[in-house]
Structure formats: C-alpha cells, structure tokens
Amino acid sequence: QKEVEQNSGPLSVPEGAIASLNCTYSDRVSQSFFWYRQYSGKSPELIMSIYSNGDKEDGRFTAQLNKASQYVSLLIRDSQPSDSATYLCAVNKAYGQNFVFGPGTRLSVLP
Amino acid sequence: GAVVSQHPSRVICKSGTSVKIECRSLDFQATTMFWYRQFPKQSLMLMATSNEGSKATYEQGVEKDKFLINHASLTLSTLTVTSAHPEDSSFYICSAIGQYSGNTIYFGEGSWLTVV
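The listed protein sequences correspond, in order, to chains E and H. 1 is the number of the first residue of the first sequence in my numbering; add one for each residue after it. 112 is the number of the first residue of the second sequence in my numbering; add one for each residue after it.
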C-alpha cells in the first residue's frame, strides 16, 4: 500500500461546479496535510494546509480532514477553467523530514 | 508564503558536460532541501534530501556520483548533473523547509534541462 494515494484522474467537471479531490494516507501518526496545485510545465504551489480534523476554508477552496478515516479532501467551489491542473496531496508524518507526496489528480474544468 | 528561488530556469548543455542548478531560500533558513525530477506528464520523483552541513540522502536508484548535491548553507543547495546525457533531460525542482517556513514545503520554480 502506497503511503499517500490519490486517483490519477483526469477528473472532469463543468465550469461552475464543485470539484472534489480525495486523498488517503496510510500512516496514522501523520500530523500535517497539504494540497499543492501544479500547472503543466510549472512547479507545485501551495494551496492549503490543514492540521486538525474538520474543514478549513480559504476562498473557493475547502480542505477537509478526517484522521480517523485517514482521509483528506479538497473541494473547489465554482470551478473555473483556470483551476485545470494537477493537484498534489502531501502528508508530513513529523516535522520536516517525512514529507510524502501523492501521485496527483489531474483536474480538467470544462468551459 | 516563503520564497524559494531556483536558477537557471532553463539550460541546454552538450552531452558529456556538467550543469549546476541552484536553489535558494530567500526569506527563511532552509534546514532541509529536497530535489525532485519530473518527466512530462509524470509524477514528481524525489531524488534526494539534503540537510545543511551534511551529506545528502539519495533515494534508491538515484546515482549519487552523477547527481551531486551540496547544501553548504542554510539558504543554498546546488544540484550538479555530471556527465549529462540526453536521458537526463527533465524538469528538476527543488523545495525547502525550515524552522520559520511554517512546517511547510515550498517549491522553487523548477529548471528545465535539455541535454543535446
């Protein structure tokens, strides 16, 4: 079992819809969780971090964490074509050294 | 967020030569830096992890003599691709984390290497 798993996609949603991206992780001691967005040909950029169970909202983005289920998700409301990118889930088991990235989910928002 | 700068953004070199890529943390001290390689339409592949002042830890299958990593200061790490070959052509990305980066990894802009 991979440490961090994501559906590779592509996930296609129409413009204006809610895009839901999911990520599961295997190590229960994981403490910090991150979502990065990577446009084609560019390096990843941080979207959100979440550390506690529940929801965290930032603009059109909402991260959801459920440590009991070892599950973290990212919701993108009012999806725009400019949101089309690969979304990487990252998990940090302990401070600094144990950062693990998922393979990424490719999102396509259709005009 | 914190800023990580990578240079050069694009480089073309001849087969058999060496090329150096720099990664700098501009507004925080990077205790740990990571180097990745990414081929088109593929996932990030971690090559090595470097801590300031110590030798880098390479992932399995990555040749440490070919990909030389130096992390001599808390703000600078370098990756040198030695005796480059066309199959080394790829997108190389660094990232950094430090005490004041909020327990978060920040990425450099990436460097496109083309070996001809």
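Just so you know, even glycine gets a beta-carbon here, dropped at the ideal spot from N, CA and C. Source: prediction; values computed, not measured.
**Q.** Proximity to Thr225 (chain H) [Cα-Cα], best of H:Tyr203, H:Ala207 and H:Asn214
**A.** H:Tyr203
Q.
In the DSSP assignment, the beta strand (DSSP E) including Ala141 (chain H) goes from what residue to what residue?
A. Ala141 to Gln149
Q) Roughly how many whole angstroms lie between the Cα atoms of Ala63 (chain E) and Tyr25 (chain E)? A) 15 Å
Q: Could you please tell me which residues of the segment 69-93 of chain E, in chain order, have their CB closer than 9 Å to any CB of chain H?
A: Against chain H - using a Cβ distance shorter than 9 Å - the residues of the segment 69-93 of chain E are Thr86, Leu88, Ala90 and Asn92.
Q | Those residues which DSSP pairs with Asp58 (chain E) across a bridge | A | Paired residue(s): E:Phe61.
(Q) Residues of chain H with CB closer than 8 Å to the CB of Lys42 (chain E), please, in chain order. (A) Glu220 and Gly221
Q. Listing by chain order, which chain E residues have their CB less than 8 Å from the CB of Tyr217 (chain H)?
A. Leu46
Q: Note the first and the last residue of the continuous beta strand (DSSP E) segment covering Arg135 (chain H).
A: Val130 to Ser136
Q: Can you pull the chain B residues whose beta carbon is under 7 Å from the beta carbon of Leu179 (chain H), in chain order?
A: Going by chain labels, chain B is absent from the structure shown, which instead holds the protein chains E and H.
Q.
Can you tell me whether Tyr147 (chain H) is buried or exposed? The criterion is at least 16 other CB atoms within 10 Å of its CB, across all chains shown.
A. buried
Q. Since Ser154 (chain H) meets chain E, which of its residues come closer than 7 Å, beta carbon to beta carbon?
A. Pro103 and Gly104
Q. What does Phe99 (chain E) touch in chain H if you count any residue whose Cβ is under 8 Å from its own?
A. By Cβ distance, chain H contributes Phe145, Ile208 and Ile216.
Q: Please confirm if Ile132 (chain H) has its CB atom under 7 Å from at least one CB of chain E.
A: Not closer than 7 Å to any Cβ of chain E, the Cβ of Ile132 (chain H) fails to qualify, so no.
Q) Does DSSP put Ser116 (chain H) in a helix, a strand or coil? A) strand
Q: Count the C-beta pairs between the segment 45-64 of chain E and the segment 19-35 of chain E that are closer than 8 Å, then say yes if the count reaches three, no if not.
A: yes
(Q) Considering Cα atoms alone, identify which of H:Cys205, H:Val227, H:Gly209 and H:Ser222 is closest to Phe145 (chain H). (A) H:Cys205
Q: Give the secondary structure of Ser69 (chain E) by DSSP, where H, G and I count as helix, E and B as strand, and everything else as coil.
A: coil
Q) Which residues bound the beta strand (DSSP E) around Val227 (chain H)? A) Annotation for Val227 (chain H): no beta strand (DSSP E) segment contains it, and DSSP assigns it neither H nor E.
Q: Can you grab the Cα-Cα spacing for the pair Ser194 (chain H) / Asp55 (chain E), in whole Å?
A: 49 Å
Q: Would you kindly work out how many angstroms separate the C-alpha atoms of Val115 (chain H) and Gln140 (chain H), rounded to a whole number?
A: 10 Å
**Q.** Sub-7 Å separation of Thr105 (chain E) and Gly41 (chain E) beta-carbons
**A.** no
Q. In chain E, what lies closer than 8 Å to Ile123 (chain H) by C-beta?
A. Those do not exist, as Ile123 (chain H) stays about 16 Å from chain E at its closest Cβ, beyond 8 Å.
Q | Exposure label - Ala159 (chain H); buried when at least 16 CB within 10 Å | A | buried
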